[in-house]
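Comments concern the structure below.
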Amino acid sequence: MREVARWICARYTEPLRIDEIAAVAHMSPASLHRHFKAATGMGPLKYQKHLRLQEAQRRLVAGGATAARIAQAVGYTSATQFSREYRSTYGLPPGQDAARLRARLAHTPTPQQA
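Numbering-wise (my numbering), the sequence shown opens with residue 579 and increments by one.
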């Protein structure tokens with residue numbers, strides 16, 4: 579399943595279908611889902627969503643782009659869907675979560691300050 583996870587990582591911004599991923603793994607979609615979930619704790623498409631949201635959060639904290647632009651960059655076709663999934667995962671809308679994380683980072687001592 580490691581190879582399948584790498585394949586998804588390399589294409590996480592693309593629209594992937596379970597049958598396409600299953601073909602790469604030389605498995606049926608049901609078998610792929612079962613094995614992938616056993617190895618990672620989530621199904622292949624949920625794993626892709628996890629990668630997208632994780633990268634979006636990183637980009638939001640870094641700043642320099644709007645949430646809508648970041649949503650598009652990580653593979654979402656709908657900024658509304660992105661915001662809904664982001665809030666469901668992280669508990670806050672993208673902009674508020676990024677501001678919270680930036681504030682937390684600003685108050686975290688660096689090794690030189692400790």
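Every residue, glycine too, gets a C-beta built ideally from N, C-alpha and C.
Values in this document were obtained by computation on a predicted structure and should not be read as measured data.
Taking 8 Å as the cut-off, the Cβ atoms of A634 and Y664 count as close. Just measuring C-alpha positions, the residue of A588, L670, Y668 and D597 sitting nearest G653 is A588. P593 counts as exposed, since fewer than 16 other beta carbons sit within 10 angstroms of its beta carbon. Around the Cβ of R682, a 10 Å sphere holds fewer than 16 other Cβ atoms; the residue is exposed.
In the structure shown, Y664 adopts helical secondary structure according to DSSP, grouped into three states. Taking the Cβ atoms as the reference, Y625 lies roughly 11 Å from I596, outside the contact range of under 8 Å. If you check the CB distance, A645 and G669 do not come in under 8 Å. The continuous alpha helix (DSSP H) containing R630 extends over residues P622 to A640. When rounded, the separation of the alpha-carbon atoms in K627 and A583 is 12 Å. Secondary structure note for V582: its alpha helix (DSSP H) is the uninterrupted segment R580 to A588.
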